[in-house]
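Asks: After the structure tokens below, expect a handful of questions from me.
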Amino acid sequence: MRLLIVNWQDRENPHAGGAELHLHEVFGRIAAKGHAVDLLCSGFGDAPSRTTLDGIQVFRVGGRYSFQFVAKRFYKKHLASTRYDLVIEDMSKIPLFTPRWKASKTVALVHHLFGATIFREASPPVGALVWLAERPIGRIYRNTPFQSVSDSTTQDLVQRGIPRQNIRIIYNGVDTQRLTPDSHSRSTKPLFSYLGRIKKYKRVDLVIRAFAKLNSPGARLEIAGSGDHRPALEKLVASFKLGDRVTFLGWVSEEDKLALLRRSWATVLASPKEGWGISNLESAACGTPVIAVNSPGVRESVVDGETGYLVPPSPTAISEKMSELIANSSLVESLGNAGRKFAERFTWDCAAEETEADLEAIIRGLGR
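First residue of the sequence shown? That's 38 in our numbering, and the numbers climb one at a time after it.
This is the structure in structure tokens:
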């Protein structure tokens, strides 16, 4: 196969997140099998305009806010003559409407759509722009084959007018060989953590407010990740006088992430919407329970009462589960052990194999 992926970012972009992790884990494996894979994405800083990552040839054009305007033009001028079997739009920001590019057959890969949740992150004008951009998806992509990473995202697409038979669900994976449990690394005192982007819509404030309700002076909270909402969260921590018990780690390396997940009693995710919740699966792979808000996508990466807890989006509900683990620390190990078994069901190898088979079927006319 010769494939072109169109995504806003590659994994080296400082704004990269779960969508970019998925892209490189899956399509890097597909490239390693001998398929030709190109990626058209936005540039950043002084990053080279062309490079190769994980066997994927990367074309960087425009920037974070101009990519939507220059991507189509670059494609028509420089890439349209390439005989791509498929153009895959990795729809991780606002849609680029690739079916209108008059390109090779288009496939849409969707993690999650913002919907009304965008207004929790962006200003009203920007939120309205994103919300309006998503409105025509059901019409413009109606005859486009879709790959979705979760049942929740699939339901969202169907509600927007995409025929269910056009959608194939292929779940995310996790590196269970690198991310492994180590009970000896577990903190001797209660330690909770958040791992992810520090954005307003991720609702890390709920995690902090929940932690502030704990009646456990020895407990600690560590927040790992980068993002523009950190100053506001630091002020919130200061308002609760928790500066000596809450630590902002900033961006962490893969080695430091592994150490954080292993030493935590539980990771906490309060996001109102995710495509799947890869960080939850990474935590489970390390044998660490997850306390998460029962929201679309997220609820599929946590088995309530078995690998962690799904709770309403309130500080009190989150805090109660934190307290439950503190009161009965044996739950940390039992939930963690079940989480590891759950995570072993999802590997990047399987995700890549399913993706490859589905794309080949579409090319042969046997798919959607």
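Even glycine gets a Cβ: it sits at the ideal position worked out from N, Cα and C. No experiment lies behind these values; they were computed from the predicted model shown.
For L299, collect the residues of the same chain with a Cβ closer than 8 Å to its Cβ; drop the 5 residues on either side in sequence, then sort them by chain order.
Replies: For this step, residue 299 is matched to residue 262 along the sequence shown. The sequence shown places Arg at residue 299, rather than the Leu named in the question. Excluding positions up to five away in sequence, the list reads P218, D219, S222, R223, C323, G324, T325.
Asks: How many whole angstroms separate the CB atoms of S141 and Y121, which I take to be in contact at a CB cut-off of 8 Å?
Replies: The count along the sequence shown starts at 1 and reaches residue 141 at position 104. The count along the sequence shown starts at 1 and reaches residue 121 at position 84. About 4 Å separates the two Cβ atoms, so the contact holds.
Asks: Under 9 Å, do A375 and E343 count as touching if we go by C-beta distance?
Replies: Here residue 375 refers to the residue found at position 338 when the sequence shown is read from its first residue. Here residue 343 refers to the residue found at position 306 when the sequence shown is read from its first residue. The answer is yes: Cβ separation under 9 Å.
Asks: So what does Y231 bridge to, in DSSP terms?
Replies: Locating residue 231 in the sequence shown gives position 194, where the first residue counts as 1. DSSP lists I260 as partners of Y231.
Asks: Using 10 angstroms around the beta-carbon of L251, count the other beta-carbons present and answer buried if the total reaches 16, otherwise exposed.
Replies: Position 214 of the sequence shown, counted from the start, is the residue given in the question as residue 251. The residue in question, L251, is buried, as its Cβ has 16 or more Cβ neighbours within 10 Å.
Asks: Helix, strand or coil for I131, going by three-state DSSP, please let me know.
Replies: Taking the first residue of the sequence shown as 1, we reach residue 131 at position 94. I131 sits in coil when the DSSP states are folded into three classes, being neither helix nor strand.
Asks: Is the stretch 248–266 touching the stretch 222–240, taking contact as three or more C-beta pairs under 8 Å?
Replies: At 8 Å Cβ cutoff, the stretches touch.
Asks: Would you mind reading off the limits of the beta strand (DSSP E) that contains L41?
Replies: Counting from 1 along the sequence shown, the entry for residue 41 is found at position 4. L41 -> beta strand (DSSP E) spans 39–43.
Asks: Are there 16 or more other CB atoms within 10 angstroms of the CB of Q202, so buried, or fewer, so exposed?
Replies: Against the sequence shown, residue 202 aligns to sequence position 165. Classification for Q202: exposed.
Asks: Out of V283, K237, F106, which one is the CA nearest neighbour of I245?
Replies: Sequence index remark: in the sequence shown, residue 245 carries index 208 (1-based). Here the closest residue by C-alpha is V283.
Asks: Short of 6 Å in beta carbon distance, which residues of its chain neighbour R66, apart from the five on each side in sequence? Order them along the chain.
Replies: What you label residue 66 is simply residue 29 of the sequence shown in a count that begins at 1. The answer, listed in chain order, is A389.
Asks: Exposed or buried, which one is G314 when buried takes at least 16 other CB atoms within 10 Å?
Replies: As a first step, residue 314 is located in the sequence shown; it is residue number 277 there, counting from the start. Buried, since its Cβ has 16 or more Cβ neighbours within 10 Å.
Asks: Who are the Cβ neighbours of Y178 in its own chain at under 7 Å, not counting the five residues just before and after it?
Replies: Taking the first residue of the sequence shown as position 1, residue 178 is located at position 141. Around Y178: P136, A145, I199.
Asks: Could you pull out every unbroken beta strand (DSSP E) segment of at least 3 residues lying fully inside the stretch 334–361, listed in chain order?
Replies: 345–348
Asks: Among T392, Y102, Q196, which residue has its Cα nearest to the Cα of V167?
Replies: Walking along the sequence shown from the start, residue 167 turns up at place 130. The shortest Cα separation from V167 among T392, Y102, Q196 belongs to Y102.
Asks: How many Å lie between P132 and I174 at the Cα?
Replies: On the sequence shown, position 95 is the one that residue 132 refers to. On the sequence shown, position 137 is the one that residue 174 refers to. Each residue's Cα considered, the two are about 8 Å apart.
Asks: From which residue to which residue does the beta strand (DSSP E) around S79 run?
Replies: Translated into the one-based positions of the sequence shown, residue 79 becomes position 42. 73–79 is the extent of the beta strand (DSSP E) around S79.
Asks: Using the Cβ count rule (16 or more neighbours within 10 Å means buried), how would you classify N365?
Replies: Your numbering for residue 365 matches position 328 in the sequence shown. Flag for N365 reads exposed.
Asks: Within 10 Å of its beta-carbon, does H407 have 16 or more other beta-carbons around it, so buried, or fewer, so exposed?
Replies: The first residue shown for the chain is 38 and the last is 405, placing residue 407 beyond what the model contains.
Asks: Leaving out the 5 sequence neighbours to the left and right, which residues in its chain are closer than 6 Å to D193 when beta-carbon positions are compared?
Replies: Translated into positions along the sequence shown, residue 193 becomes position 156. For D193, where only same-chain residues beyond five positions count, the Cβ hits under 6 Å are L150.
Asks: Counting beta carbon pairs with one atom in the stretch 185–192 and one in the stretch 201–215, are three or more of them shorter than 8 Å?
Replies: Segment contact: the stretch 201–215 against the stretch 185–192, three or more CB-CB distances shorter than 8 Å; contact assigned.
Asks: Classify G287 as helix, strand or coil using the three-state DSSP reduction.
Replies: For the purposes of this step, residue 287 is taken as residue 250 along the sequence shown, with counting starting at 1. Three-state DSSP puts G287 in a strand.
Asks: Is it buried or exposed, T190, if we count other Cβ atoms within 10 angstroms and call 16 or more buried?
Replies: As a first step, residue 190 is located in the sequence shown; it is residue number 153 there, counting from the start. Buried, because 16 or more other Cβ atoms sit within 10 Å of the Cβ of T190.
Asks: What number of angstroms, rounded off, separates the C-alpha of L279 from the C-alpha of T143?
Replies: Numbered from its first residue, the sequence shown carries residue 279 at position 242. Numbered from its first residue, the sequence shown carries residue 143 at position 106. Each residue's Cα considered, the two are about 50 Å apart.
Asks: Give me the Cβ distance between W288 and G262, rounded to the nearest whole Å; I'm assuming they're in contact under 8 Å.
Replies: Along the sequence shown, read from residue 1 onward, the residue named residue 288 stands at position 251. Along the sequence shown, read from residue 1 onward, the residue named residue 262 stands at position 225. The pair is a contact, with the Cβ atoms about 7 Å apart (cut-off 8 Å).
Asks: Cα-Cα, which of I42, T225, V98 is closest to A56?
Replies: If you number the sequence shown from 1, residue 56 lands on position 19. Here the closest residue by C-alpha is I42.
Asks: Which same chain residues end up closer than 8 Å to D386 when comparing Cβ atoms and leaving out the 5 residues on each side of it in sequence?
Replies: Along the sequence shown, read from residue 1 onward, the residue named residue 386 stands at position 349. Contacts found: R66, G210.
Asks: Quick one: give me the first and last residue of the alpha helix (DSSP H) that F104 is part of.
Replies: One-based indexing of the sequence shown puts residue 104 at position 67. Note, F104: alpha helix (DSSP H), 104–111.
Asks: Go through its chain and collect everything with a Cβ distance to Q94's Cβ below 6 Å, but skip five positions before and after it.
Replies: Looking up residue 94 in the sequence shown gives position 57. Closer than 6 Å at Cβ, skipping near neighbours: D75.
Asks: I'd like to confirm something about I174: is its beta-carbon nearer than 8 Å to some heavy atom of the ligand ATP, or not?
Replies: Of the ligands one can find in the structure shown there are none, so the ligand ATP has no counterpart to examine.
Asks: DSSP three-state call for V241: helix, strand or coil?
Replies: Taking the sequence shown and counting its residues from 1, the one referred to as residue 241 is at position 204. Of the three classes helix, strand and coil, the one that applies to V241 here is helix, per DSSP.
Asks: If we count the other Cβ atoms within 10 Å of its Cβ and call it buried at 16 or more, is K109 buried or exposed?
Replies: The sequence position of residue 109 within the sequence shown is 72, counting from 1. Around the Cβ of K109, a 10 Å sphere holds 16 or more other Cβ atoms; the residue is buried.
Asks: Within 10 Å of its beta-carbon, does F382 have 16 or more other beta-carbons around it, so buried, or fewer, so exposed?
Replies: The residue labelled residue 382 in the question sits at position 345 within the sequence shown. According to the sequence as given, residue 382 is Arg; it is not Phe. Exposed.
Asks: Around the Cβ of D47, are there at least 16 other Cβ atoms within 10 angstroms (buried) or fewer (exposed)?
Replies: Counting from 1 along the sequence shown, the entry for residue 47 is found at position 10. Answer is buried; the Cβ neighbour count reaches 16.
Asks: On the CB-based measure, 16 or more other CB atoms within 10 Å of its CB, does S332 come out buried or exposed?
Replies: Taking the sequence shown and counting its residues from 1, one reaches residue 332 at position 295. Flag for S332 reads buried.
Asks: Check this for me: beta carbons of A84 and E49, under 9 Å apart or not?
Replies: Mapped onto the sequence shown, residue 84 falls at position 47. Mapped onto the sequence shown, residue 49 falls at position 12. Contact: yes.
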